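In the numbering used here, the protein residues as written are 24 to 201. We put the beta carbon where it would ideally sit given N, CA and C, even for glycine. Note that the coordinates shown come from a computational prediction; the quantities given were computed from them, not determined experimentally.
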């Protein structure tokens, strides 16, 4: 197919294509799931922040009462010790009294991890409950209507409606319904 500059770069044709694209994009944004998804992301972000604050400001202070040092952010398991280093020279720091290296603990900080896990569980539980309340299961389909009564033709053994006075297959006369 040869290239036709007059046909492809016609201003009216380009404007029509642009308007069609604009209309299609507008329909996608406002009638499709894009708007619902955007609103869901915004509400989800706000909800996540709210649940995080409830967890950090209400639940974790109660947990602090049961921790030995009273701070869930620094709660952890000490797995060893390493020499404390000077931040500018990176040389080990010596204790002025004993002239030995000052050691600092290496800890697995499980307190903050526990906070994040608790936030995840609470968020998941609340989302589950909201979806359970808002999205009801569809009602079961209505039962199928009963099949109309039938009888069998005594000549050709074809099944015909009970009200029929003639067989549709062999055209024989049928006894009248009682």
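Just to confirm, are residue 115 and residue 108 a CB contact at a threshold of 9 Å?
To locate residue 115, count along the chain shown from 1; it is residue 92. To locate residue 108, count along the chain shown from 1; it is residue 85. Yes. Within cutoff.
For the ligand NAD, is there a heavy atom less than 8 Å away from the beta-carbon of residue 70?
This structure does not include the ligand NAD; it has no bound ligands of any sort.
Return yes when the Cβ of residue 132 is within less than 9 Å of the Cβ of residue 99, no when it is not.
In the chain shown, the residue the question calls residue 99 occupies position 76. In the chain shown, the residue the question calls residue 132 occupies position 109. A contact, by the Cβ cut-off of 9 Å.
Residue 182, DSSP secondary structure in three states:
Here the question's residue 182 lines up with position 159 in the chain shown. Shown here, residue 182 sits in a strand according to DSSP, grouped into three states.
Length at least 3, wholly inside the stretch 102-141: the beta strand (DSSP E) runs in chain order:
126-132
Just list the residues that DSSP pairs residue 173 with in beta bridges.
Taking the chain shown and counting its residues from 1, the one referred to as residue 173 is at position 150. BP columns for residue 173 point to 184.
Since residue 128 and residue 111 are thought to touch, with beta carbons under 8 Å apart, how far apart are those beta carbons, to the nearest angstrom?
Along the chain shown, one-based indexing puts residue 128 at 105. Along the chain shown, one-based indexing puts residue 111 at 88. Residue 128 to residue 111, Cβ: 22 Å. No contact.
With DSSP collapsed to three states, give me the class of residue 189.
For the purposes of this step, residue 189 is identified with residue 166 of the chain shown, where counting begins at 1. Residue state, collapsed to three classes: strand.
Let's test the definition: count the other Cβ atoms within 10 Å of the Cβ of residue 142 and tell me whether it reaches 16, buried, or not, exposed.
Residue mapping note: residue 142 aligns to position 119 of the chain shown, counting from 1. Residue 142 is buried by the Cβ-count criterion.
Chain-order list of residues whose beta-carbon lies under 7 Å from that of residue 182 (same chain, five-residue window excluded):
Within the chain shown, numbered from 1, the residue matching residue 182 stands at position 159. Closer than 7 Å at the Cβ level, and outside the excluded window around residue 182, lie 173 and 175.
Can you check which of these residues, 166, 134 and 198, is closest to residue 178 by C-alpha distance?
Counting from one through the chain shown, the residue named residue 178 turns up at place 155. Considering only alpha carbons, the answer is 198.
With 16 other Cβ atoms within 10 Å as the buried cut-off, status of residue 138:
Here residue 138 refers to the residue found at position 115 when the chain shown is read from its first residue. The residue is buried, with at least 16 neighbouring Cβ atoms inside 10 Å.
Taking Cβ to Cβ, would you say residue 145 is nearer than 9 Å to residue 64?
Counted from its first residue, the chain shown places residue 145 at position 122. Counted from its first residue, the chain shown places residue 64 at position 41. No, the Cβ-Cβ distance between residue 145 and residue 64 is not below 9 Å.
N- and C-terminal bounds of the alpha helix (DSSP H) containing residue 76:
The residue you call residue 76 lines up with position 53 of the chain shown. Looking at the DSSP string, the run of the alpha helix (DSSP H) that includes residue 76 is 57-77.
Ignore the nearest five residues each way along the sequence and tell me which others in residue 187's own chain have a CB closer than 7 Å to its CB.
In the chain shown, counting from the first residue as 1, residue 187 sits at position 164. Same-chain partners within the cutoff: 197.
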